[in-house]
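Each remark here refers to the structure printed beneath this line.
Numbering (the working numbering), first residue to last: 38 to 361.
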């Protein structure tokens, strides 16, 4: 791995949310949303983050952009620790990053026109105002496949797919290098998902973008991503190149996820792996290996020692005692 190729590096990231209780609303417990994970993203690649709902995927994306403050850990962007930056330098970082949210309905202000919503980052960061801002907004709409004559319409006048295109245009407004895409097609009809995904790939090629792509849909992850991280209950359990992960999964949780992906061929049958039990609570997660209560390979060692991410093949890492 060439260190000069790394755009973002995360070490020991933790995010605990306090749980309040009692008359005085004191902290009685913590939700271990993200618990000591490390990864890196190369310049120009798409890194996928996949897992069940509630595993901490969105929290990772928000922490990386400092939309929420991490409990612990380092987040380095181009070698600079973001958690130690001054407000002025952090404001500069904001112009190089953006986020595409899951729900285009709630992420757009219904009282703002497209011109205001997409143009707001341009004005906030002092890039353009007035007629120049309007010109840039129209150019952004064209880049995402919309008409420049739609700038004075409101969000309720657009379909779901068109709203997500507006959100993508807003993310592109400051010409960022790095974008966190949090389930960008999960709220859309299946018929329009392919158009949004292909648009994102085309924009990545044209503007040399780097994506952290968060999704629970493995079919989307396989189509979009160069490498994939699999997350379970706040922990990374497997990291690999996308093709290698889907053809040769190691962790039993990854195997179960892949077995649930439908095959678009009625003559091909895949054995579905049904995991026993349910996902434990992140307030009181199982000690050491968090997947062990649902794992068919679990031994006494799994409940006594936490597995580390170990490289089992070139570029393929897994956190499981069964393979160590």
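Yeah, the Cβ is synthetic: ideal placement off N, Cα and C, and Gly gets one too. These numbers were taken from a predicted model, which means no experiment stands behind them.
Closest in alpha carbon position to residue 198, among 333, 182 and 244, is 182. In this structure, the straight-line span from the alpha carbon of residue 343 to that of residue 84 is close to 25 Å. When C-beta atoms of the region 41-55 are compared with those of the region 110-128, three or more pairs fall below 8 Å, so the two segments count as touching.
Distance from the CA atom of residue 223 to the CA atom of residue 267, rounded to whole angstroms, is 18 Å. Taking a contact as a CB-CB distance under 8 Å, the pair residue 107 and residue 52 counts as one, their CB atoms being some 5 Å apart. Of the other Cβ atoms in all chains shown, fewer than 16 fall within 10 Å of the Cβ of residue 168; this residue is therefore exposed.
Nearest C-alpha to residue 221 among 71, 272, 86 and 360: 86. Bounds of any alpha helix (DSSP H) do not take in residue 104, whose DSSP letter is neither H nor E. Judged by beta-carbon spacing, residue 287 lies beyond the 8 Å limit of residue 328, meaning their Cβ atoms are not closer than that value. Residue 52 has 71 as its beta-bridge partners, per DSSP. Between residue 89 and residue 260, the gap from beta carbon to beta carbon reaches 8 Å or more.
By the CB criterion at 8 Å, residue 275 and residue 354 fall inside the cutoff. Across the set 227, 178 and 247, the C-alpha of 227 shows the shortest separation from the C-alpha of residue 257.
Taken in chain order, the whole beta strand (DSSP E) runs of length 3 or more contained in the region 234-260 are 247-252. The beta carbon of residue 193 is closer than 8 Å to those of 147 in its chain, skipping five residues each way along the sequence. The beta-carbon distance between residue 158 and residue 210, rounded to whole angstroms, is 4 Å. This is short enough to meet the 8 Å contact definition. Taking each of 129, 135, 292 and 82 in turn and checking the Cα distance to residue 100, the smallest one comes out for 135.
Here residue 276 carries a strand assignment [DSSP, helix/strand/coil]. Taken through DSSP and simplified to helix, strand or coil, residue 309 comes out as coil. For residue 243, the closest of 271, 119, 180 and 303 by C-alpha to C-alpha distance is 180. The alpha carbon of residue 133 has as its nearest neighbour, out of 283, 105 and 80, the alpha carbon of 80.
With respect to the C-alpha of residue 138, the residue from 246, 250 and 293 having the closest C-alpha is 250. Sorting 75, 201, 247 and 339 by C-alpha distance to the C-alpha of residue 155 places 201 at the top. In the DSSP assignment, residue 217 falls within the unbroken beta strand (DSSP E) covering 215-219. Beta bridge pairing from DSSP links residue 111 with 48. Measuring C-alpha to C-alpha distances from residue 151 to each of 331, 174, 295 and 129 identifies 174 as the nearest.
In this structure, 212 is the residue among 196, 212, 191 and 144 with its C-alpha nearest to the C-alpha of residue 176. Short of 8 Å from the beta carbon of residue 281, and not among the five residues preceding or following it, lie these beta carbons of its own chain, in chain order: 350, 352 and 353. Residue pairing by DSSP places residue 354 opposite 276 and 348 in a beta bridge.
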